[in-house]
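A.B. asks: Below is the structure I would like to discuss, written out as structure tokens.
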Amino acid sequence: MSGTEILLLIGLAILGYGLFYLLNIPTPAFLGPLILIYGASFLGFEGDTLSGTTVLLLQSLLGANIGVKVTREIFQQMKALKIPSLIMIGWTLLLSFGFGLVLMMAFDLDVATALLSAIPAGVSEMGILALALGGNAGIVIIFQLSRLMIAIVTFPIIVEKLTEKDKNQRKKQAWWEKIKGRGQRISHSLKKSLSIQWPGIEIFSYFTTVGIGIAGALLGTWMKIPAGALMGAFFLTGSSVIAGIPLKAPTPLMRIVMQMGIAIMLALNMMNSPMESMKVMLLPTLGFSAVVFIGVYFLYHLLRKVTQWDPVTCLLAAAPVGLTPMSILAYEYAERPMEVVLLHMTRVLVGKLIVIPVIISLLV
Numbered sequence: 002m003s004g005t006e007i008l009l010l011i012g013l014a015i016l017g018y019g020l021f022y023l024l025n026i027p028t029p030a031f032l033g034p035l036i037l038i039y040g041a042s043f044l045g046f047e048g049d050t051l052s053g054t055t056v057l058l059l060q061s062l063l064g065a066n067i068g069v070k071v072t073r074e075i076f077q078q079m080k081a082l083k084i085p086s087l088i089m090i091g092w093t094l095l096l097s098f099g100f101g102l103v104l105m106m107a108f109d110l111d112v113a114t115a116l117l118s119a120i121p122a123g124v125s126e127m128g129i130l131a132l133a134l135g136g137n138a139g140i141v142i143i144f145q146l147s148r149l150m151i152a153i154v155t156f157p158i159i160v161e162k163l164t165e166k167d168k169n170q171r172k173k174q175a176w177w178e179k180i181k182g183r184g185q186r187i188s189h190s191l192k193k194s195l196s197i198q199w200p201g202i203e204i205f206s207y208f209t210t211v212g213i214g215i216a217g218a219l220l221g222t223w224m225k226i227p228a229g230a231l232m233g234a235f236f237l238t239g240s241s242v243i244a245g246i247p248l249k250a251p252t253p254l255m256r257i258v259m260q261m262g263i264a265i266m267l268a269l270n271m272m273n274s275p276m277e278s279m280k281v282m283l284l285p286t287l288g289f290s291a292v293v294f295i296g297v298y299f300l301y302h303l304l305r306k307v308t309q310w311d312p313v314t315c316l317l318a319a320a321p322v323g324l325t326p327m328s329i330l331a332y333e334y335a336e337r338p339m340e341v342v343l344l345h346m347t348r349v350l351v352g353k354l355i356v357i358p359v360i361i362s363l364l365v
């Protein structure tokens, strides 16, 4: 890849992030670059896939970012939410293996592509796993992205209907005022980033987190485990946190750079994937998403009946998408945002500890 292509990719990634941030779209550092760079392919842009070293580094950062959240406190809090957690575990397994089997039988998809498309999880994580496991990352991203976009568009509207918070406690803002406010925040962040300050001894905790993630990635790769880099980084970082090693979660800037890098990697891979296979799956994706959200409706009512939580908490906990966008909405609207985060973490752990190991065992 030439220097000009690299600069163009970085420029598109930054532009996509800035645009999606201004529009208040969740996970802008991932979705903005992914959509803008892939969209550039229709205008004639072509790019080679990233090098193996870069891919390994991105997988290790993503694995460490997830693993550092797995604390002893998380498991203790999940015990307190025993019934909702069991419901979430059952729902995740049913969706992953039940619908995954349907996708394999109906559309002749391979195991990795089918299960990673069905599991309710984050787009970036499932996309990078599809690459590592030899699946079709384009199809996986289409399935995951369709659910995410439906949730992004519909859930805020439903939440507005379920709560009087916006009507009674917050002043309505015009859309241009919201964009102006986010623009001012970008300007403030840029000024703050230019005033370089030595982070002190905490910097060693960040380096330790990244170092353990890379060590886990190298170990998983050396053991020739499918998706070994991502899974190795996740397990070694998570084990280190549970063992009591004081690790720091990546800073917001680190996460932004990581998400932009993953978006670039997946967009380039989609460019180099057969377009026909993705086109064929567009209609089934919409049908599949519709069935999933019908299931979400029943899960919402089940959580309401069992927990007696407020409607917004149950709705956001039932969402079949990644942790980050629902956490943002939960802390904005839900009466029990921590419960939303914990149930989504339960789903993340089910994917990491059960679904993905099953995929790996079937591929070995």
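When we follow the numbering used here, the leftmost residue of the sequence shown carries the number 2, and every step to the right adds one.
Heads up, the beta-carbon is just placed ideally off N, CA and C, and yes, glycines get one too.
Just so it is clear, the structure is predicted and the values come from calculations on it, not from any experiment.
1) Can you tell me whether residue 197 is buried or exposed, with buried defined as 16 or more other CB within 10 angstroms of its CB?
2) Going by Cα to Cα distance, which pick from 264, 127, 243, 137 is closest to residue 105?
3) Got a sec? Which residues, its chain only, sit under 6 Å from residue 322 by beta carbon, not counting five neighbours each side?
4) Grab the span of the alpha helix (DSSP H) containing residue 285 for me, first residue to last.
5) Just confirm the distance between the C-beta atoms of residue 316 and residue 345, as a whole number of angstroms; I'd bet it's less than 8 Å.
6) Work out the CA separation of residue 232 and residue 353 for me, nearest whole Å.
7) Could you spell out where the alpha helix (DSSP H) holding residue 358 opens and where it closes?
8) Given that a residue counts as buried once 16 or more other Cβ atoms are within 10 Å of its Cβ, and exposed if not, what is residue 362?
9) If you run the structure through DSSP and keep just helix, strand and coil, what is residue 326?
10) Between 259, 86, 52, which lies nearest to residue 367 when the distance is taken from Cα to Cα?
11) What would DSSP say about residue 71, mapped onto helix, strand or coil?
12) So is residue 208 buried or exposed if we call it buried at 16+ other beta carbons inside 10 Å?
13) Once DSSP output is grouped into helix, strand and coil, what is the label at residue 150?
14) Excluding the five sequence neighbours on either side, which residues of its own chain have a C-beta within less than 6 Å of the C-beta of residue 89, listed in chain order?
15) Within 8 Å, do at least three Cβ pairs link the stretch 298-318 to the stretch 85-101?
16) Does the distance from the C-beta atom of residue 340 to that of residue 314 stay below 9 Å?
17) Taking the straight line between their C-alpha atoms, what separation do you get for residue 310 and residue 41?
18) Excluding the 5 residues flanking residue 123 on each side, which residues of the same chain have their C-beta closer than 6 Å to its C-beta?
19) Return the Cβ separation of residue 238 and residue 214 in integer angstroms, given the expectation that the two are a contact with Cβ distance under 8 Å.
20) By DSSP, does residue 224 sit in helix, in strand, or in coil?
21) Please report how far the alpha carbon of residue 222 lies from the alpha carbon of residue 23, in whole angstroms.
22) Using the Cα positions of residue 251 and residue 69, report the straight-line distance between them to the nearest angstrom.
23) My assumption, with CB atoms under 8 Å, is that residue 112 sits in contact with residue 128. Please give the rounded CB distance.
24) DSSP on residue 164, reduced to helix/strand/coil?
25) Return the CA-CA distance between residue 143 and residue 286, expressed in angstroms with no decimal places.
26) In whole angstroms, what separates the C-alpha of residue 294 from that of residue 139?
27) Residue 269 to residue 48, Cα distance in whole Å?
28) For residue 21 versus residue 12, is the C-beta spacing smaller than 9 Å?
C.D. replies: In brief:
1) Low confidence applies here, because residue 197 scores a pLDDT of 45, under 50, leaving its location unreliable and the question unanswered by this model.
2) Ranking 264, 127, 243, 137 by Cα distance to residue 105 puts 137 first.
3) The answer, listed in chain order, is 148, 149, 152.
4) Taken as a continuous stretch (DSSP letters only), the alpha helix (DSSP H) holding residue 285 covers 283-308.
5) Contact flag wrong, Cβ pair sits at about 13 Å.
6) Answer to the nearest angstrom: the Cα atoms are 8 Å apart.
7) 357-364 is the span of the alpha helix (DSSP H), which, as asked, contains residue 358.
8) That one is exposed.
9) Look at residue 326 here: in three-state DSSP terms it is helix.
10) Since the first and last residues shown for the chain are 2 and 365, residue 367 lies out of range.
11) Of the three classes helix, strand and coil, the one that applies to residue 71 here is coil, per DSSP.
12) By the neighbour-count definition (other C-beta atoms within 10 Å, threshold 16), residue 208 is an exposed residue.
13) Residue 150: helix per DSSP, three-state reduction.
14) Annotation for residue 89: 344, 347, 348 place their beta carbon closer than 6 Å to its own, counting only its chain and skipping 5 residues before and after.
15) They touch, by the three-pair rule.
16) Contact flag set, yes.
17) Distance between the alpha carbons of residue 310 and residue 41: 45 Å.
18) Take residue 123, set aside five residues on each side of it, and the residues of its chain with a beta-carbon closer than 6 Å to its own are 323, in chain order.
19) About 5 Å separates the two Cβ atoms, so the contact holds.
20) In the structure shown, residue 224 adopts coil according to DSSP, grouped into three states.
21) Inter-residue distance for residue 222 and residue 23 is about 39 Å (C-alpha atoms, whole angstroms).
22) Note on geometry: alpha-carbon atoms of residue 251 and residue 69 lie some 9 Å from one another.
23) The C-beta separation of residue 112 from residue 128 comes to about 17 Å, leaving the pair out of contact by the 8 Å criterion.
24) In the structure shown, residue 164 sits in coil (DSSP, three-state: anything other than H, G, I, E or B).
25) The alpha-carbon atoms of residue 143 and residue 286 are separated by roughly 7 Å.
26) Spanning the two alpha carbons is a distance of roughly 22 Å.
27) C-alpha separation (whole angstroms): 6 Å.
28) Not a contact, by the Cβ cut-off of 9 Å.
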